[in-house]
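Asker: Here you go, one structure.
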Amino acid sequence: MIKQIFLLIVRFIVGGLFIFSGLIKVNDPIGTSIKLEEYFDVFSYDIAPFFANLKAISLPLAVFLVVVEVVLGIMLIINYRPKFTTWALAVIIVFFTFLTFYSAYFNKVTDCGCFGDAIKLTPWESFSKDVFLLVLIAILLIFNKDLKPNNSFPAMLVSVFSLVISTGLAIYAIQNLPFLDFRAFKEGTDIPAAMQPSANLEYSYVMDRNGERVVMDVYPTGDEYEFVEMKLKNPEALPKISDFAIWNSQGDFTDEILSGNKVLIMVSNISKINESNIDRITELVRGFRSTSVEVVFVSASSEEEAEALVALYGWDIDYYLADATVVKTILRSNPGIMVLENGKVKGKWHHNNTPAVSEVEKLFNDNPVSS
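Sequential numbering from 1 applies to the sequence shown in full-length UniProt numbering.
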């Protein structure tokens with residue numbers, strides 16, 4: 001009896017963590033695919049070049065992984081086909097443990113994306129979490145014969161239903177935007193404010209004094225001290241946004257973009273732009289001509305490509321550049337639309353949901369149609 005209660009608790013802990021992790025990533029499969037691409041880039045340099053080829057299938061692979069996490073977690077909790085489920089979870093957790101150990105030990109990918117953008121873990125925290133799960137799954141494998149299978153028809157229906165629903169949610173999130181935005185540029189964010197520390201940054205100084213390490217809050221002036229390193233005491237006060245910058249060959253235009261009413265047409269990669277809704281975006285661009293709203297084009301490609309694209313579509317708007325990672329963080333869409341009012345994020349859209357001019361106008365506190 002005690003053994004069954006113990007195994008039930010273990011099943012719920014492991015299954016619950018996999019469901020939680022999977023659902024967060026089902027919310028944003030593109031974010032998971034971006035993280036996989038980071039790993040493939042690292043592995044292509046450190047292990048074997050063929051890993052670079054896997055970047056082409058990073059999105060379907062991401063969908064597969066996040067859906068499997070949810071489905072296996074549910075199957076474990078309801079005890080449907082426990083032998084298959086525990087072995088499948090063992091394979092997955094061994095894979096994840098390898099990734100997190102590689103990230104932590106070699107300091108290659110500093111965020112494994114285990115819980116998407118919702119919960120940030122350090123590489124060693126991620127590795128510790130996976131080792132904990134690995135131990136629990138090992139317990140389930142050892143006592144696999146004590147897991148009484150629930151192979152009933154209702155259990156099968158629940159498993160199939162979870163597969164269909166989680167797959168549908170993942171596809172919907174790809175075709176639109178994540179249901180919940182956990183990133184720094186979510187709607188309502190005041191970008192200029194988020195670029196500033198929330199409090200004065202405080203540092204401690206690690207010094208060497210005659211072979212002894214000492215930590216001091218004030219930098220010493222004595223000759224007997226040798227500087228070793230400086231540590232931030234309140235990292236929670238760091239700016240939430242540290243990499244937002246807009247520029248072109250004429251200079252830096254970040255401040256200009258963060259002032260007034262702006263509609264940003266953003267593209268992370270011009271060579272991979274989805275043109276299926278370009279006509280609707282063109283209507284949006286033309287709808288704000290001769291108004292106080294400025295529409296600009298921001299891409300992570302070259303300035304020459306940006307200039308050619310704007311000319312191709314006849315948009316007649318200014319074009320700027322930004323970091324590719326920043327653009328992908330802001331919008332999981334290529335292209336996508338973001339509306340700013342004095343740097344505050346008023347709205348974001350996938351190109352499939354390109355808004356009408358009237359829909360954007362309602363977001364501004366002033367009258368955007370006045371010249």
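Just so you know, even glycine gets a beta-carbon here, dropped at the ideal spot from N, CA and C.
Which same chain residues end up closer than 8 Å to Asn210 when comparing Cβ atoms and leaving out the 5 residues on each side of it in sequence?
Answerer: For the purposes of this step, residue 210 is identified with residue 210 of the sequence shown, where counting begins at 1. Correct list, in chain order: Glu224.
Asker: Do the CB positions of Tyr172 and Val109 come within less than 8 Å of each other?
Answerer: Here residue 172 refers to the residue found at position 172 when the sequence shown is read from its first residue. Here residue 109 refers to the residue found at position 109 when the sequence shown is read from its first residue. Result no, Cβ atoms of Tyr172 and Val109 do not sit closer than 8 Å.
Asker: Can you tell me which residues form a DSSP beta bridge with Glu226?
Answerer: As a position in the sequence shown, residue 226 is number 226, starting the count at 1. Beta-bridge pairing links Glu226 to Asp208.
Asker: Can you give me the C-alpha to C-alpha distance between Glu69 and Asn151, rounded to a whole angstrom?
Answerer: Taking the sequence shown and counting its residues from 1, one reaches residue 69 at position 69. Taking the sequence shown and counting its residues from 1, one reaches residue 151 at position 151. If I take the Cα positions, the gap works out to 20 Å.
Asker: Taking the alpha carbon of Arg81 as the reference point, which residue from Val71, Phe43, Pro149 has its own alpha carbon closest?
Answerer: Numbered from its first residue, the sequence shown carries residue 81 at position 81. Checked all of Val71, Phe43, Pro149; the closest Cα to Arg81 is Pro149.
Asker: Among residues of its own chain, excluding the 5 on either side of Phe36, which ones have a beta-carbon nearer than 7 Å to its beta-carbon?
Answerer: For the purposes of this step, residue 36 is taken as the residue at position 36 of the sequence shown. Reading off the sequence, residue 36 comes out as Leu, not Phe. So the qualifying residues of the chain are Ser58, Leu61, Ala62.
Asker: Which value, in whole angstroms, describes the spacing of the CA atoms of His351 and Leu201?
Answerer: Against the sequence shown, residue 351 aligns to sequence position 351. Against the sequence shown, residue 201 aligns to sequence position 201. One C-alpha to the other measures close to 39 Å.
Asker: Under DSSP, the alpha helix (DSSP H) around Glu256 begins and ends at which residues?
Answerer: Here residue 256 refers to the residue found at position 256 when the sequence shown is read from its first residue. Segment 254–257, the alpha helix (DSSP H) holding Glu256.
Asker: Measuring alpha carbon to alpha carbon, tell me which of Val285, Met266, Ile257, Phe95 ends up nearest Ser126.
Answerer: Translated into the one-based positions of the sequence shown, residue 126 becomes position 126. Of Val285, Met266, Ile257, Phe95, the residue nearest in Cα terms is Phe95.
Asker: How many whole angstroms separate the CB atoms of Thr354 and Ile281, which I take to be in contact at a CB cut-off of 8 Å?
Answerer: Working through the sequence shown from its first residue, we reach residue 354 at position 354. Working through the sequence shown from its first residue, we reach residue 281 at position 281. Confirmed, about 6 Å.
Asker: May I ask you to report which of helix, strand or coil DSSP gives Ser371?
Answerer: Within the sequence shown, the letter at position 371 stands for residue 371. Only weak support is given to the placement of Ser371: the predicted model assigns it a pLDDT of 48, under 50, and the question is left unresolved by the model.
Asker: For a test of the three-state rule: what should DSSP assign to Val26, helix, strand or coil?
Answerer: Looking up residue 26 in the sequence shown gives position 26. DSSP places Val26 in helix when its eight states are reduced to three.
Asker: I'd like to check one pair, Asn261 with Glu341: are the Cβ atoms closer than 8 Å?
Answerer: In the sequence shown, counting from the first residue as 1, residue 341 sits at position 341. In the sequence shown, counting from the first residue as 1, residue 261 sits at position 261. Yes. Within cutoff.
Asker: Compute the Euclidean distance between the alpha carbons of Asp243 and Phe84, then round it to the nearest angstrom.
Answerer: On the sequence shown, position 243 is the one that residue 243 refers to. On the sequence shown, position 84 is the one that residue 84 refers to. So the alpha carbons of these two residues sit roughly 45 Å apart.
Asker: Please state whether the Cβ-Cβ distance between Val14 and Leu147 is less than 8 Å.
Answerer: Residue 14 sits at position 14 when you count from the first residue of the sequence shown. Residue 147 sits at position 147 when you count from the first residue of the sequence shown. Going by C-beta atoms, Val14 is not nearer than 8 Å to Leu147.
Asker: Can we say the region 317–324 touches the region 244–257, given the rule of at least three CB pairs closer than 8 Å?
Answerer: Yes, they touch.
Asker: Who are Trp87's beta bridge partners in DSSP?
Answerer: Residue 87 sits at position 87 when you count from the first residue of the sequence shown. Beta-bridge pairing links Trp87 to no other residue.
Asker: Is Asn365 helix, strand or coil when you go by DSSP?
Answerer: Position 365 of the sequence shown, counted from the start, is the residue given in the question as residue 365. Coil at Asn365, not helix or strand.
Asker: Taking the DSSP output, what are the residues bridged to Ile190?
Answerer: Within the sequence shown, the letter at position 190 stands for residue 190. What sits at residue 190 in the sequence shown is Asp, not Ile. Answer by DSSP bridge pairing, in chain order: Lys344.
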